[in-house]
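All the letters of the sequence shown, read from the start, carry residue numbers 19 to 197 under our numbering. Glycine included, each C-beta is placed from N, C-alpha and C at the ideal position. Bear in mind that the values here come from a model prediction, so they are computed numbers and not experimental data.
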Amino acid sequence: GTERAAHAHNHASLGSWTRYANAFIGEVVSELVAEMPGDRPLRILEIGAGTGGTTSSVLAVVPPERTEYWFTDVSQLFLSRAEEKLKSFPFVQYRRVDLETSLDEQGIQPGSFDVVIAADVLHTVSDIRAAVERCRVEAPGLAAWTKNKVQGLSKGMAQKVQLATALDLGRRPRVTHRW
Numbered sequence: 019g020t021e022r023a024a025h026a027h028n029h030a031s032l033g034s035w036t037r038y039a040n041a042f043i044g045e046v047v048s049e050l051v052a053e054m055p056g057d058r059p060l061r062i063l064e065i066g067a068g069t070g071g072t073t074s075s076v077l078a079v080v081p082p083e084r085t086e087y088w089f090t091d092v093s094q095l096f097l098s099r100a101e102e103k104l105k106s107f108p109f110v111q112y113r114r115v116d117l118e119t120s121l122d123e124q125g126i127q128p129g130s131f132d133v134v135i136a137a138d139v140l141h142t143v144s145d146i147r148a149a150v151e152r153c154r155v156e157a158p159g160l161a162a163w164t165k166n167k168v169q170g171l172s173k174g175m176a177q178k179v180q181l182a183t184a185l186d187l188g189r190r191p192r193v194t195h196r197w
C-alpha cells in the first residue's frame, strides 16, 4: 500500500542503472537469506549507505525478527536523515564509519557480519584495494559458507554473486536481464 508507493516514489528520481543495481543487490541478499537456516541471525553491514537507496532494497527482503542491520556512513548528516527515514525498521543501527581507516579501530570486529554491502562507495576512497580487503575481512563467515555451497548454487545464483562483486568494484558489466 502506502509503504510501496513511497518506496516507488523515492526510487523514481534515481537513474535506471542505480535502480537496477539496488534491485539486484536486494535480490542477491534475498536469495542468500533463503539459503541460510531459518533460525540463524543475520548481520548486515552497509558501508557508505548515504541516502539509503540500496538500504531500502535490502530492508524490503530481510527477516526483521532475526536481522541486525548496520547503516553506516562517514557523514553525520546522512546518518541523521536515514534514522528519520528508516525509523519503522527498529533493527537498523546507525554508525559513523570511514572506509579509509581500519574498521576494527572503529568498533567493527572482523568476521562479525554475514553480508557486507559497499555500493557506490569504493570509488570515493584513496586505496580501493585496501577498502575491498577491509570489506572482505568483515564477512569471512559468509565467504566460507558461500565457498562450501558453491556446488549447490544454481548457475544463475553463482553468476549473480559474481555480478554483485563487479557492482561492488564499480564496474558496469553488460546487463542482459531487465527488471
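Nearest-angstrom Cβ-Cβ length linking S130 and R61, presumed shorter than 8 Å = Yes, S130 and R61 are in contact; Cβ-Cβ is about 7 Å, under 8 Å.
message = Measuring only the C-alpha atoms, how far is W88 from E118?
response = Straight through space, the alpha carbons of E118 and W88 are spaced by roughly 18 Å.
key: Cβ-based burial, G170 [other Cβ within 10 Å; buried from 16]   = Note on G170: pLDDT 42, under 50, position unreliable in the model; no value is reported.
query = Excluding the five sequence neighbours on either side, which residues of its own chain have a C-beta within less than 8 Å of the C-beta of D116, listed in chain order?
reply = Setting aside the 5 residues that flank it on each side, D116 is surrounded in the same chain by V92 and Q124, each with a C-beta closer than 8 Å to its C-beta; the list follows chain order.
task = List in chain order: all unbroken beta strand (DSSP E) runs of 3+ residues lying wholly within the segment 113-145.
result = Qualifying beta strand (DSSP E) stretches, in chain order: 133-135.
query = Three or more beta-carbon pairs under 8 Å between the segment 93-109 and the segment 127-147, yes or no?
reply = The segment 93-109, when compared against the segment 127-147, does not touch it at the 8 Å Cβ threshold.
ask   = In whole angstroms, what is the alpha-carbon distance linking E53 and V46?
value = About 11 Å.
ask   = Taking the alpha-carbon positions, what's the S75 to V143 distance?
value = The straight-line gap from Cα to Cα measures roughly 24 Å.
inquiry  = Going by DSSP, what residue range makes up the beta strand (DSSP E) through L63?
reply    = Here the beta strand (DSSP E) through L63 covers L60 to E64.
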